[in-house]
Amino acid sequence: MNAKKKIFVDGMSGTTGLEIHERLSKYTNIELIKIDYDKRRDLDERKRCINEADIVFLCLPDDAAKEVVSLVENPNTKIIDTSTAHRTAQGWTYGLPELSYAHKEAIKGSKRVSNPGCHATAFILSVYPLVQHNIMSPDYPVTCHSITGYSGGGKSLIEKYEDNNKDNPYTKAPRPYSLGLNHKHLKEMMMHTGLTQSPVFLPIVAGYYKGLATTIPVHTRLLNKKLNGKELHGVYKEHYKGQKFIKVMPYIDEESLKSDEINKIIFDGGLDITACNNTNRAEIFVLGNDERGIAMIITRIDNLGKGASGAAIQNMNLMLGFEEDFNL
1497 MNAKKKIFVD
1507 GMSGTTGLEI
1517 HERLSKYTNI
1527 ELIKIDYDKR
1537 RDLDERKRCI
1547 NEADIVFLCL
1557 PDDAAKEVVS
1567 LVENPNTKII
1577 DTSTAHRTAQ
1587 GWTYGLPELS
1597 YAHKEAIKGS
1607 KRVSNPGCHA
1617 TAFILSVYPL
1627 VQHNIMSPDY
1637 PVTCHSITGY
1647 SGGGKSLIEK
1657 YEDNNKDNPY
1667 TKAPRPYSLG
1677 LNHKHLKEMM
1687 MHTGLTQSPV
1697 FLPIVAGYYK
1707 GLATTIPVHT
1717 RLLNKKLNGK
1727 ELHGVYKEHY
1737 KGQKFIKVMP
1747 YIDEESLKSD
1757 EINKIIFDGG
1767 LDITACNNTN
1777 RAEIFVLGND
1787 ERGIAMIITR
1797 IDNLGKGASG
1807 AAIQNMNLML
1817 GFEEDFNL
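Everything in the sequence shown is counted per this note's numbering, starting at 1497 for the first residue and increasing by one.
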């Protein structure tokens, strides 16, 4: 019998750390390395745990994540970093295996994997196929808004939204943020799609717990290849064919909105942003209006699932040689 793999979660008290720990509890073939609560800030004790592990999940602020990486002395210890610290860093593998066969193989062989951001995951899944297949130019003027549940902001934001004060300003309406147009996910969104010009990106947080959707408008006349909406939909179907966690939903246009098939997957004429909650799925919708020469790409995920802990576990499975969808 193969020995159990040893796993250490550094930063287990945060939202992502707790979810990763919960998911790991389903495994019988791993051993969780535990650290005494009163020693969780003891650098020597953490160093011992890190170098004892086969895989370490970092669920820490950026600076703390960089510090921990410097403590690794065991050449066999593999790191999955859920922070922003290493998503564009040289020597790190970006943990979004569905982008291509090469991406998945790189993760399997890597000892340093950066887990993607939640907004970035949905955005990159939407844009990468178009740039990769030379349908969208790298300097295309991409715009995107992304709406997410408040759990994406971690403990402090959760507390603000769940304050029962009747005058709580956070619960009045959805709230656009990052108004300086310099969101921390932008660097990885550009690097891992191949865009050379920054997208105009506006995230929005709303008064529900979890669920995220990016919306990207497309003027088809500006594309390198003049595809109609149905053909654009076909690009996604082909690119993500056979992927276990990516589902390209049926094409939507004015005509299809009259069909029973479409009305089974939309909610009162609209999309349910929370439909992927408690899963590791991403669902991609292509909407088109050929008469107007416009299309829309909407990708929905669970911001705590495929946007965080689910993706981390998927990457762990690949790095340890488990089935990609094991316990997901």
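We put the CB at the ideal spot given by N, CA and C, even for glycine.
Glu1548 and Leu1626 have their C-alpha atoms roughly 42 Å apart.
Shown here for Ser1674: same chain residues with a beta carbon closer than 6 Å to its own, the five before and five after excluded, namely Pro1699 in chain order. As summarised for the segment 1556–1632, the continuous alpha helix (DSSP H) elements at least 4 residues long and confined to that stretch are 1558–1565, 1597–1604 and 1614–1628, given in chain order. Contact between Tyr1636 and Leu1595 is absent: CB atoms are separated by about 18 Å, not below the 8 Å threshold. C-alpha of Gly1587 to C-alpha of Val1609: approximately 9 Å in a straight line. Gly1707 and Ile1603 have their C-alpha atoms roughly 26 Å apart.
The count of Cβ pairs closer than 8 Å, one atom from the segment 1574–1581 and one from the segment 1807–1824, reaches three, so the stretches are in contact.
The beta carbons of Ile1758 and Ala1709 sit about 17 Å from each other, so the pair does not count as a contact at 8 Å. In the structure shown, the three-state DSSP call for Ala1808 is helix. In this structure, Ile1793 places its C-beta atom within 8 Å of the C-beta atom of Ser1622. In the DSSP assignment, Cys1640 falls within the unbroken beta strand (DSSP E) covering Thr1639 to Gly1645.
Sequence-distant Cβ neighbours of Asp1821 in its own chain, meaning closer than 6 Å and more than five residues away, are Lys1740. Secondary structure of Asn1678 (DSSP, three-state): coil.
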